[in-house]
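Residue numbers (my numbering): 25 to 297.
Every residue, glycine too, gets a C-beta built ideally from N, C-alpha and C.
Report on the following structure.
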Amino acid sequence: MKRHRPNWLAGIGALAWLLVVGLPIYVMLATTVQTREGYGRNGPLAPPDTFTLDNYTGAFDEGFGRYLFNTLVVTVSVVAIVLLLVPPLAYAIVRSRSRLTSGVFRLFLLGLAIPAQAVIVPIFYLISKAGLYDNLVGVILPTAAFSLPVCALILSGVMRDITPDLYEAMAIDGASPARVFAQLVLPLSRGGIATIAVFSALQAWNGFLFPLILTQSDSTKVITLGLYNFQTQYGINIPGLLAAVVLSMVPVLLVYLFARRALVQGLMGVGGK
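Spelled out as structure tokens, the structure:
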């Protein structure tokens, strides 16, 4: 029986990559459970000589809970709008042959070329005239609008992978377009739907420009603005700032852990092919 020699080069490369990925995570987590004095005395790479959760409780004492709740409201609302509008839109783009549908799709594609920074002044004017300034709804609507073009492009590509034979079989069975959409297209597009849900959630969770321009009071601030405030407030209190960063990462990691399989299938195509 032939024995395989160990690949030392691959092992060294894997170890180096583990250090590159794991060292920043270790530094961040170890720093959050140290006191400010202990961090200043030992430095970022030393193991903590004292264990404390005061940095996490202090973050909530400074209003992080409110920022987290506002961000959850914005994220859930944006994902709901995307999931409500994009699947039927993508289905119409794939199955319809009308010029109107084709024109709407081209209009959506134009949205990919327009950065939010280029239209922030008109958006600010519209949101203000609509009475939505300093309101979470005023952040939700433009965030969802800028997520729609990419999500429509992704999901329409996934739906195009559904073979015409399946559509023909449903048509022979006497299925209406609504039934085809509900019983054929949606089940086979689960991976793509998970992909656009995760993408729009990340866009909303990490959004900074719209909350910065369209909100003002502390009651409507989201996590990204809250982290900015923690940085200016704490100054050199790095453990407190990193504790807030860890808390802001936990919901995104949970979403990824539960949706990673469907996300990979959506990126690879229908059925994970």
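Under the three-state DSSP convention, the category residue i falls into
i	result
isoleucine 247	helix
phenylalanine 24	Residue 24 is absent from the structure shown; the chain starts at 25 and stops at 297.
alanine 40	helix
proline 71	coil
aspartate 197	coil
glutamate 61	helix
arginine 93	The question names arginine, but residue 93 in the sequence shown is phenylalanine. If DSSP states are grouped into helix, strand and coil, phenylalanine 93 belongs with the helices.
asparagine 9	A question about residue 9 goes unanswered here, because the residues of the chain that appear run from 25 up to 297.
valine 187	A small correction: the amino acid at residue 187 is threonine; valine does not occupy that position in the sequence shown. In the structure shown, threonine 187 sits in coil (DSSP, three-state: anything other than H, G, I, E or B).
glycine 35	helix
serine 213	coil
glycine 298	Lying outside 25 to 297, the shown extent of the chain, residue 298 is not represented and no answer is given.
glutamate 192	helix
tyrosine 157	coil
lysine 127	Looking at the sequence provided, one finds glycine at residue 127 rather than lysine. Correct three-state label for glycine 127: helix.
asparagine 66	helix
phenylalanine 232	coil
Proximity below 8 Å, CB of residue i to CB of residue j
i	j	result
glycine 216	valine 182	yes
proline 263	asparagine 79	yes
leucine 236	leucine 249	yes
threonine 56	leucine 266	yes
isoleucine 178	valine 209	no
alanine 268	alanine 83	yes
valine 128	isoleucine 220	no
N-terminal and C-terminal residue of the alpha helix (DSSP H) that residue i is part of
i	result
valine 209	Where valine 209 is concerned, there is no enclosing alpha helix (DSSP H), given that its DSSP letter is neither H nor E.
isoleucine 138	Run containing isoleucine 138: none; DSSP gives neither H nor E here.
serine 171	160–184
arginine 121	Counting along the chain, arginine 121 falls outside any alpha helix (DSSP H), and DSSP gives it neither H nor E.
valine 145	144–153
proline 239	Before going further, note that residue 239 is threonine rather than proline in the sequence given. No alpha helix (DSSP H) contains threonine 239, which DSSP labels as neither H nor E.
Nearest residue (CA-CA) to residue i, options the options
i	options	result
serine 243	Leu43, Leu77, Glu86, Phe75	Glu86
valine 270	Leu33, Pro48, Gly35	Pro48
tyrosine 312	Gly64, Pro68, Gly89, Leu107	Residue coverage of the chain in this structure runs from 25 to 297, which leaves residue 312 outside it and unanswerable.
threonine 99	Ile247, Asn261, Leu281	Ile247
isoleucine 144	Leu108, Ser272, Phe232, Leu39	Phe232
serine 120	Phe88, Ala137, Leu134, Tyr191	Tyr191
phenylalanine 93	Pro275, Leu281, Leu131, Pro201	Pro275
phenylalanine 205	Pro112, Gly46, Gly37	Pro112
arginine 184	Ala114, Ala40, Gly135	Ala114
alanine 142	Pro201, Phe234, Gly35, Gly37	Phe234
leucine 281	Asn230, Val110, Val222, Thr95	Val222
arginine 90	Ser272, Arg123, Lys153	Ser272
Close-in-space but distant-in-sequence residues of the same chain around residue i (CB under 8 Å, 5 per side omitted)
i	result
valine 102	Ile164, Thr167, Ala168, Ser171, Ser224, Ala225, Gln227, Ala228
threonine 125	Ala116, Ile117
leucine 133	Pro173, Leu177
valine 110	Leu172, Cys175, Ala176, Leu179, Ile220
Cβ neighbours of residue i in the same chain (closer than 7 Å, five flanking residues each side left out)
i	result
valine 97	Leu160
threonine 74	Gln58, Thr59, Gly62
methionine 25	Any reading at methionine 25 must be qualified, since the residue scores a pLDDT of 48, below 50, and its modelled position is unreliable; the value itself is stated next. Nothing meets the Cβ criterion.
Own chain, CB closer than 6 Å to residue i, minus 5 neighbours either side, in chain order
i	result
phenylalanine 148	Ile237
glycine 162	Ile151, Leu156, Leu238
aspartate 158	Thr239, Gln240, Ser241, Thr244
lysine 297	Note that lysine 297 has pLDDT 45, beneath the 50 cutoff, so the model's placement of it is unreliable and no number is given.
glycine 46	none
Closer than 8 Å to chain D by CB, residue i
i	result
leucine 136	Looking at the structure shown, chain D is missing, and only one protein chain is on hand.
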